[in-house]
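Residue numbers (the working numbering): 2 to 555. For every residue, glycine included, the Cβ atom is placed at its ideal position computed from N, Cα and C. It should be emphasised that the depicted structure is a prediction, and the values quoted were computed from it without experimental measurement.
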């Protein structure tokens, strides 16, 4: 089978104007970025109704063996169109850091990809760069304010707003700024995050228009003064300029899949420290042009789906109609104790133990009242006995299950899954509800997520977290939803605990306020906001020839 990039480069793409016209978008609503990419003006949302059925694709706890959530999202969208439905998809934008680091390209895989694949992975329409510049304008304004007399009384030791760059660079995790003498500012400790970890990214993905974007940016807590009072971006007076820098980035990007299904790719917040979903505007745009919209949320259902339901759906007034839970036999065997190098061998015992991870995610999705189907993303080495075991365990929980072969066969390989999704949408009613009331106390909300979603026996708060809880109550931040920051490698907060962990407590070491985005971030472990490059990064495989043809993006 050809590589992902070879398949993508051989695709027969249609001009984006043709994709848009068929979807019901007007030419004057498009802003072209070449022949195959376009931004869509937000005015289209005022003209069209968002009455599409909404399907969320999530997954079991990820492993190095791979699960294929994005590939399944793309393949399902293609399959639904093959089955006579009018479907569109909405995805996150890839970050250059992971693209050049370990992950490589992130636009689906095999015959279920979004194209033009190279453009999507390399800069795309410049959204992430615009977010980085807007973010760093605010960082510069903070230090400039301190340098120019510090009228707000900012405590330089309590500046909480980092700088960002869209690249994996571990040397920037902890730095000193302002060295070189008085003319260069005030020396203080600082750090860089990767741009997709920025609160500005989270805000853009939760805003409904440019006015709301500016308002939310103005509420970002950037520091505290000497009286322990929060300082917000609006007090520095640059929130309008930041919004101006994002006037194009706020518009959703329209591309297509290999089978010419409309695809909106917009925004890309981290899923383990932010809400991990594409923008509200991209989802609503997809819902405006289709009968069925398929979207995804990052990492496993304990992170991505939980935040999609409790945060994105709350803010955007979304009511998901169905959920697809992606699993692979390979990954389930890893959760059952099988080594990565031994996954090609049939092992029903390891698989049986690992299925407990999938079963916990199934139980969690049911708690939100959303009907679901398990998609078994098939690999060539999966045996019939292994596939049948997964089916049997799902059926015991009264859950639909379908085999998915969208990587190798595109939309055709997703027709079984597509039929199950259509059956759910036609015959089952979603009784979606939030897991907690945002008006509950901070500890109550965190305990609800930890105990109900992770299966923890309780939560332990550090002394620092307890102080922060009291501080946030004073300023009214305690009524915000909770965004849990934890490892993606386990349902628990300990990455070493595989399968379905039991008998553990979640340790909350710190709670940060993302007042602009509208949630509190509870940090449960050493979650990195600036990844590093591996010994041999993916960038070493990426190249371009004299004709401009790119290789190495998987």
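- The C-beta of residue 475 has fewer than 16 other C-beta atoms within 10 Å across all chains shown, which makes the residue exposed.
- The beta strand (DSSP E) runs lying completely inside the stretch 130-191 and spanning 3 residues or more are 155-160, 164-166, 176-178, 189-191, given in chain order.
- Between residue 482 and residue 210, the beta carbon gap of about 21 Å keeps them out of contact (Cβ cut-off 8 Å).
- Taking a C-beta distance under 8 Å as the contact criterion, residue 256 and residue 73 do not qualify as a contact pair.
- A residue is called buried once 16 or more other Cβ atoms fall within 10 Å of its Cβ, and residue 366 is buried on that count.
- By the Cβ test, the stretch 127-135 is in contact with the stretch 194-202, since at least three Cβ pairs between them sit closer than 8 Å.
- When C-alpha distances from residue 217 are compared across 64, 121, 224, 207, the shortest belongs to 207.
- Look at residue 99 here: in three-state DSSP terms it is helix.
- Under the three-state reduction of DSSP output, residue 328 falls in the strand class.
- Going by C-alpha positions, residue 450 is about 29 Å away from residue 174.
- Counting only the Cα atoms, residue 385 lies some 34 Å from residue 93.
- Between residue 499 and residue 336, the C-beta spacing is below 8 Å.
- Here residue 405 carries a strand assignment [DSSP, helix/strand/coil].
- Checking the DSSP bridge columns, you'll see residue 257 partnered with 116, 263.
- Residue 374 carries a strand assignment under DSSP once its states are collapsed to helix, strand and coil.
- Three or more beta-carbon pairs separated by less than 8 Å link the stretch 529-549 to the stretch 164-172, which places the two stretches in contact.
- With contacts defined as CB atoms closer than 8 Å, residue 56 and residue 400 fail to qualify as a contacting pair.
- Contact between the stretch 184-193 and the stretch 486-493 is not established, with fewer than three Cβ pairs separated by less than 8 Å.
- Around residue 64, the same chain offers 332, 335 as residues with beta carbons nearer than 6 Å, after the five sequence neighbours per side are excluded.
- Listed in chain order, the alpha helix (DSSP H) elements of length 4 or more contained wholly in the stretch 453-527 are 464-475.
- The residue among 249, 325, 344 with its C-alpha nearest the C-alpha of residue 298 is 325.
- Residue 290 is not a Cβ neighbour of residue 121, given a cutoff of 8 Å.
- Under the three-state reduction of DSSP output, residue 216 falls in the helix class.
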